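All residue numbers for the sequence shown refer to the numbering used here, where the first residue is 1 and numbers rise by one.
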Amino acid sequence: MKKYTKDQIAILKLLSIESLGHRQRETILALAEHPAELFETPARFAAELSKVGDGVFDKIADVAESFDEERFLRYMEKIGAVALFQGEDAYPEKLLILEDAPIALFCRGDVSLLEGESLAIVGTRAPTRYGRDVTELFAKELAEAGFVVVSGLARGVDAIAHRIALESGAKTVAVLGCGVDKVYPAENKDLYDRIAENGLLVSEFFPGAEPHAFHFPIRNRVISALSQGVLVTEAGEKSGTLITVTDALEQGKDVFIVPGNIFSNASKGANEMLHNPQCMIATDPSDVLSYYGKKTEKAAPDPHQLTTEEVLIYSALQDEDKHFEQLLELTGLSMGDLMATLTKLEVLGVIKKYPGNYYGI
Numbered sequence: 001m002k003k004y005t006k007d008q009i010a011i012l013k014l015l016s017i018e019s020l021g022h023r024q025r026e027t028i029l030a031l032a033e034h035p036a037e038l039f040e041t042p043a044r045f046a047a048e049l050s051k052v053g054d055g056v057f058d059k060i061a062d063v064a065e066s067f068d069e070e071r072f073l074r075y076m077e078k079i080g081a082v083a084l085f086q087g088e089d090a091y092p093e094k095l096l097i098l099e100d101a102p103i104a105l106f107c108r109g110d111v112s113l114l115e116g117e118s119l120a121i122v123g124t125r126a127p128t129r130y131g132r133d134v135t136e137l138f139a140k141e142l143a144e145a146g147f148v149v150v151s152g153l154a155r156g157v158d159a160i161a162h163r164i165a166l167e168s169g170a171k172t173v174a175v176l177g178c179g180v181d182k183v184y185p186a187e188n189k190d191l192y193d194r195i196a197e198n199g200l201l202v203s204e205f206f207p208g209a210e211p212h213a214f215h216f217p218i219r220n221r222v223i224s225a226l227s228q229g230v231l232v233t234e235a236g237e238k239s240g241t242l243i244t245v246t247d248a249l250e251q252g253k254d255v256f257i258v259p260g261n262i263f264s265n266a267s268k269g270a271n272e273m274l275h276n277p278q279c280m281i282a283t284d285p286s287d288v289l290s291y292y293g294k295k296t297e298k299a300a301p302d303p304h305q306l307t308t309e310e311v312l313i314y315s316a317l318q319d320e321d322k323h324f325e326q327l328l329e330l331t332g333l334s335m336g337d338l339m340a341t342l343t344k345l346e347v348l349g350v351i352k353k354y355p356g357n358y359y360g361i
């Protein structure tokens, strides 16, 4: 069990008061030389605490009486979590660029991942097939190149980026908009467990905090601050990804944008970002890797001369994905020949099969 000082315990008590904002907490901490004094003798600070906000003194006094230190520390040990405080060596220096840097950071997993090379991969919660493919491609190559992949464990692009990083044998950091002991969304439970075991879950919100909507814009600044750069793989016009990009640019971080289909609503936000001269276009993982001085060595594809039947199928898929029945009609092949040729092209990596019996390139 990690040992905490009296002042650190006092900060934990302060952070447990969910109704207080970051500025209020900083103002409260500035009232005493040692945070522990605030909870040992809160009456001494009654007048000053009342000026911070209505009911603040009562909240401090209540927590001073009700906070069960031993129970909380046992719970932290049970879930394998630790709290890192500003001023500690383990607290990530990267976060100190923030004017409102988290007073403490709650972590489950390998805290060493807070240092070293890392890139954030963010985007829409409802990616198209294009967005999924792009995210998988970039996440795989960036992870294999040695970057820790940082994201927010949301559904969609975030979840894909985390999953691919783990499948590539790399590490990933998930910045949560709730307590580190909360799984959100519930569908990411398996991924959450894998990251806790083989990566790192972090949050500035006190354990037990629910995933309130206003938490997510707050956590986005931590995603960008922990990363050397931010990569957007797909984002719609009103995507929360735009907040992360704005944070990143204000922090002086590198921002890479993968352009999307100009006719797709799912790509409007990302394409609009490309008008910002501070954002860099990325059409291949090598664009990002070469920027950071990393060489990419891609194996040359096996040469394969397409047969007449294969050319018919490949040509039919040039404009968009097609259902098996559509390919039957467009190619004029028999069902047996079409199935055999599709299987061969899929094995060769020339085409991909998607759910619902659709095929694409």
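We treat Cβ as the ideally placed atom computed from N, Cα and C, and that holds for glycine.
Predicted model, so just to flag it, every value in this text is computed and none were measured.
Under a Cβ-count criterion, where at least 16 other Cβ atoms within 10 Å of its own Cβ denotes burial, should residue i be classed as buried or exposed?
i: E204; result: buried
i: E310; result: buried
i: M1; result: exposed
i: G199; result: buried
i: T341; result: buried
i: K295; result: exposed
i: M76; result: buried
i: D68; result: exposed
i: K171; result: buried
What's the gap between the Cα of residue i and the Cα of residue j?
i: E250; j: I9; result: 33 Å
i: L98; j: V245; result: 15 Å
i: V82; j: L191; result: 20 Å
i: A186; j: L153; result: 11 Å
i: A300; j: L166; result: With a pLDDT of 46 at A300, under the threshold of 50, the modelled position of that residue is not reliable, and no figure is offered here.
i: A64; j: S50; result: 16 Å
i: K6; j: I103; result: 15 Å
i: R125; j: F45; result: 46 Å
i: D321; j: D247; result: 36 Å
i: A143; j: V149; result: 7 Å
i: G260; j: L338; result: 31 Å
i: D193; j: A174; result: 11 Å
i: G349; j: A161; result: 22 Å
i: C279; j: F324; result: 40 Å
i: V122; j: N276; result: 18 Å
i: S151; j: R132; result: 15 Å
i: N220; j: L176; result: 9 Å
i: Y358; j: E329; result: 14 Å
Below 8 Å on the Cβ atoms is my guess for residue i versus residue j; work out the distance and round it to an integer in Å.
i: L15; j: F206; result: 5 Å
i: L95; j: A225; result: 5 Å
i: V288; j: A120; result: Not really, about 12 Å apart at Cβ, beyond 8 Å.
i: A282; j: G236; result: About 18 Å separates the two Cβ atoms, so there is no contact after all.
In this structure, does DSSP put residue i in helix, strand or coil?
i: H275; result: coil
i: P301; result: With a pLDDT of 48 at P301, under the threshold of 50, the predicted position of this residue should be treated as unreliable, and no value is reported.
i: K352; result: strand
i: V347; result: helix
i: I361; result: coil
i: A270; result: helix
i: D89; result: coil
i: Y4; result: coil
i: A32; result: coil
i: D287; result: helix
i: I313; result: helix
i: D190; result: helix
Is there at least one Cβ from chain E nearer than 8 Å to residue i's Cβ?
i: A139; result: As a matter of chain content, chain E is missing from the structure shown, which is built from one protein chain.
Any heavy atom of the ligand FAD within a distance shorter than 7 Å of the CB on residue i?
i: L312; result: In the structure shown, the ligand FAD is absent, as is every other ligand, since no ligand is present at all.
Practice prompt. Would you list, in sequence order, the uninterrupted beta strand (DSSP E) runs of no fewer than 3 residues that lie entirely inside the segment 93-162?
Written response: Contiguous beta strand (DSSP E) elements confined to the segment 93-162 occur at 104-109, 118-122 and 148-151, taking only those with 3 or more residues.
Fill in: Contiguous beta strand (DSSP E) assignments of at least 3 residues, all confined to the segment 192-230
Unbroken beta strand (DSSP E) runs of no fewer than 3 residues, entirely contained in the segment 192-230, are found at 200-203, following chain order.
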